[in-house]
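Novice:
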Amino acid sequence: MIYLDHNATTPVDGRVVAVVEEHLRARFGNPSSGHRAGREAAEALELARRQVADLVGAEAREVVFTSGGTEANNLALKGAVAALGLERLIVSAVEHASVRAPARWLADRGVAVETLPVDEQGRVRPADLEARLAEGSPALVSVMWVNNETGVVQDIPALAEVVRRHGSWLHTDAVQGAGRLPLVWTRLGAHLLSLSGHKLGAPKGSGALVVDRSLDVEPLLHGGGQEDGRRAGTENVPAQAGFGLACALAQAELDDRRRHWAALRRHLEAGLEARLPGVVIHGRRAPRVDNTCFFSVPGVDGEALLLALDERGFTVGSGAACGRGEPSHVLTAMGVEPTLAYGALRVSLGVGNTREEIDRFLDALVQETERLRGFAAVAGR
Ligand SMILES: Cc1ncc(COP(=O)(O)O)c(C=O)c1O
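As structure tokens, this is what we get:
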């Protein structure tokens with residue numbers, strides 16, 4: 002199998018597997034226990050917390066471990082709205098379901114939820130946010146750093162400046178950016194930042210919400226006083242230890258990884274444009290994370306192409322991990338016409354991909370596109 006869907010999930014790095022296994026087998030104490038086994042587990046957890054904090058340039062005490070990006074986004078939205086007593090939430094039109102759904106949940110409970118549009122490249126305009134915040138009460142604003150479908154990077158520092166000037170708060174979902182772009186959380190300027198382990202070589206079920214030390218969040222889970230009272234429940238030490246190591250590795254290897262992805266994507270996109278006339282690469286004129294290419298092949302159904310490629314051993318994405326037969330809400334928000342949006346495919350590269358794999362993928366893509374177009378012609382479409 003040639004795996005090209007790393008924005009959905011990444012394989013777990015072998016070095017991370019070794020650490021997780023050690024904690025599962027030998028160092029299984031409960032980090033809240035006072036004896037030696039417990040203390041060892043607590044030390045492992047605190048090492049991981051420092052490693053996560055270092056990746057984002059935060060303080061260790063600002064890191065709250067969660068079960069992943071979904072929980073981090075829920076805790077950010079529900080937890081901050083409750084703790085700050087806010088009645089207003091503003092989210093961008095291109096957020097992941099794990100932001101959109103808690104926003105709907107809050108709307109059902111009386112919070113005024115507004116949606117910020119994006120331009121045709123998928124970017125939120127700071128002026129649009131400025132106009133919103135100039136009127137009405139302070140709000141929690143949630144704009145993702147890197148979009149999971151297009152890879153488009155938002156100008157979070159500019160948005161944070163607007164938010165802070167208006168006495169409001171900013172959450173950013175950094176799940177697709179952490180480990181792929183240099184990240185200094187104080188420079189981004191957000192108050193809350195979500196991370197997920199399985200997007201950067203750690204196990205599923207690991208992740209964190211980084212919470213500015215000036216801010217409280219109301220916990221989603223009540224119980225013991227774990228995570229400084231911000232998230233009850235015995236921590237998943239093996240997974241979080243793996244997450245910590247994956248963050249340290251991502252930080253140490255970031256430049257090499259970025260160069261690798263950028264070279265492969267240049268090769269991929271040159272091949273797409275040379276061999277598939279009319280191909281549209283979404284968000285191409287915006288800053289994008291190096292590993293992602295989201296493109297549409299006119300006249301071909303993206304889902305059919307995805308399945309045909311899967312049959313031949315190539316794993317790609319069709320945008321959000323959905324398969325519900327609806328055009329992507331991200332492309333719709335960018336004003337992409339439905340016929341093109343239905344034809345969208347996402348290639349998201351990982352550290353292990355090679356140039357030869359991209360060549361083989363391009364050959365298969367061109368053949369399957371021609372085959373599907375042939376069917377469509379015969380069917381008289
Ligand atoms: C942008 C973004 N946010 C949040 C999530 C959810 O993360 P998790 O799978 O760790 O719950 C994802 C996963 O696809 C994502 O791409």
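In this text, residue positions in the sequence shown follow the numbering used here: the first is 2, and each later residue adds one. Think of the CB as a built atom: it goes at the ideal place given N, C-alpha and C, for glycine as much as any other residue. Remember, predicted model here, so these are calculated numbers, not experimental data.
CB-CB under 8 angstroms to Leu221, same chain, minus the five flanking residues each way: which ones, in chain order?
Specialist: Along the sequence shown, read from residue 1 onward, the residue named residue 221 stands at position 220. Cβ neighbours of Leu221 beyond the five flanking positions: Glu72, Asn75, Leu76, Lys79, Gly80, Arg232.
Novice: Quick check on this structure: which residue in Pro127, Asp256, Phe296 has the alpha carbon closest to the alpha carbon of Pro158?
Specialist: On the sequence shown, position 157 is the one that residue 158 refers to. Comparing Cα-Cα distances from Pro158 to each of Pro127, Asp256, Phe296, the minimum goes to Pro127.
Novice: State yes or no: is the C-beta of Gln252 within less than 9 angstroms of the C-beta of Gly351?
Specialist: Translated into positions along the sequence shown, residue 252 becomes position 251. Translated into positions along the sequence shown, residue 351 becomes position 350. No, these two residues do not count as a Cβ contact at 9 angstroms.
Novice: Hey, would you say Gly168 sits closer than 9 angstroms to Pro204, going by beta carbons?
Specialist: On the sequence shown, position 167 is the one that residue 168 refers to. On the sequence shown, position 203 is the one that residue 204 refers to. No, the pair does not count as a contact, with Cβ atoms beyond the cut-off.
Novice: Comparing the CB of Gly415 with every heavy atom of ligand 1, is any distance shorter than 8 angstroms?
Specialist: Within the shown structure, residues of the chain are numbered from 2 to 382, placing residue 415 beyond reach of any answer.
Novice: Here's the rule: buried if 16 or more other CB atoms are within 10 angstroms of the residue's CB, otherwise exposed. What is Ala27?
Specialist: For this step, residue 27 is matched to residue 26 along the sequence shown. Ala27 should be labelled exposed.
Novice: Name the one or two DSSP bridge partners that Tyr4 has.
Specialist: To locate residue 4, count along the sequence shown from 1; it is residue 3. Bridge partners of Tyr4: Thr316.
Novice: Leaving out the 5 sequence neighbours to the left and right, which residues in its chain are closer than 6 angstroms to Leu216 when beta-carbon positions are compared?
Specialist: Position 215 of the sequence shown, counted from the first residue, corresponds to residue 216. Answer for Leu216: His192, listed in chain order.
Novice: Between Val125, Asn237, Val13, which has its C-alpha nearest Leu160's C-alpha?
Specialist: Counting from 1 along the sequence shown, the entry for residue 160 is found at position 159. When each option's Cα is compared against that of Leu160, the closest is Val125.
Novice: State the start and end residues of the unbroken alpha helix (DSSP H) segment that holds Glu150.
Specialist: As a working note, residue 150 is residue 149 in the sequence shown. Neither: Glu150 is in no alpha helix (DSSP H) and is coded neither H nor E.
Novice: Look up Thr340 in the DSSP assignment and say whether it is helix, strand or coil.
Specialist: Indexing the sequence shown from 1 puts residue 340 at position 339. In the structure shown, Thr340 sits in a helix (DSSP, three-state: H, G or I).
Novice: Around the Cβ of Arg40, are there at least 16 other Cβ atoms within 10 angstroms (buried) or fewer (exposed)?
Specialist: Here residue 40 corresponds to residue number 39 of the sequence shown, with the count starting at 1. Exposed: under 16 other Cβ atoms inside 10 Å.
Novice: Pull up the distance between the alpha-carbon of Leu250 and that of Pro32, whole angstroms please.
Specialist: Residue mapping note: residue 250 aligns to position 249 of the sequence shown, counting from 1. Residue mapping note: residue 32 aligns to position 31 of the sequence shown, counting from 1. Those two C-alpha atoms are separated by around 24 angstroms.
Novice: Who does Val211 pair with in a DSSP beta bridge?
Specialist: Against the sequence shown, residue 211 aligns to sequence position 210. For Val211, which the question treats as bridged, DSSP gives the partners Val64, Leu194.
Novice: Closer than 8 angstroms: is that where the CB of Asn1 sits relative to any heavy atom of ligand 1?
Specialist: Nothing about residue 1 can be read from this structure; the chain reaches only from 2 to 382.
Novice: Between Gly137 and ligand 1, is the CB less than 8 angstroms from at least one heavy atom?
Specialist: Locating residue 137 in the sequence shown gives position 136, counting from the first residue. No - ligand 1 has no heavy atom lying nearer than 8 angstroms to the Cβ of Gly137.
Novice: Three or more C-beta pairs closer than 8 angstroms, one from the segment 332–342 and one from the segment 270–283: is that the case here?
Specialist: Judged by Cβ distances under 8 angstroms, the segment 332–342 makes contact with the segment 270–283, as three or more pairs qualify.
Novice: Quick check: the segment 328–335 against the segment 88–102, are there 3 or more CB pairs under 8 angstroms?
Specialist: Result yes; three or more Cβ-Cβ pairs closer than 8 angstroms.
Novice: Take Val317 and list the residues in its own chain whose beta-carbon comes closer than 7 angstroms to its own, dropping the five residues that flank it on each side.
Specialist: Against the sequence shown, residue 317 aligns to sequence position 316. These residues qualify, in order along the chain: Leu5, Asp6, Leu307, Leu310, Leu346, Arg347, Val348.
Novice: Ser329: beta carbon under 8 angstroms from a heavy atom of ligand 1?
Specialist: By one-based count along the sequence shown, residue 329 stands at place 328. False, no ligand heavy atom lies under 8 angstroms from that Cβ.
Novice: One question on the structure: do His199 and Gly69 come within less than 9 angstroms of each other, judged by their Cβ atoms?
Specialist: Within the sequence shown, residue 199 is the residue found at index 198, counting from 1. Within the sequence shown, residue 69 is the residue found at index 68, counting from 1. Yes, Cβ-Cβ distance for His199 and Gly69 is below 9 angstroms.
Novice: In the DSSP assignment, find the unbroken beta strand (DSSP E) run with Thr116 in it and report its ends.
Specialist: Position 115 of the sequence shown, counting from 1, holds the residue named residue 116. First-last of the beta strand (DSSP E) with Thr116: 113–117.
Novice: Going by C-alpha distance, which of Val65, Leu196, Glu162, Leu85 is nearest Glu131?
Specialist: As a position in the sequence shown, residue 131 is number 130, starting the count at 1. The shortest C-alpha separation from Glu131 is found at Glu162.
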